[in-house]
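Take a look at the structure set out below.
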């Protein structure tokens, strides 16, 4: 499927719009097998941290509307990582 191919390219690309042989091999090896709980927790932590940072940036830009959340305390982020 063309959409699957595009999605795979996005996953393998490091942001420069090209997939080098190293990126391709490394990405395919990472896709092999199932995600481990530790991998999922790292991703969740990264997303949570990024959301907090974006919320802080948004509030500093004066966009404190109903869609902006207050950043979670740092302690909560550390707790999530410790699980």
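Numbering (the working numbering), first residue to last: 71 to 153.
C-beta: ideal position from N, C-alpha, C; glycine also.
- Here residue 83 really is in contact with residue 93; their C-beta atoms are around 7 Å apart, less than 8 Å.
- DSSP, reduced to helix, strand and coil, places residue 128 within a helical segment of the structure shown.
- The DSSP-derived three-state label of residue 100 is helix.
- Here the region 92-110 makes contact with the region 75-82; the two share three or more CB pairs at distances below 8 Å.
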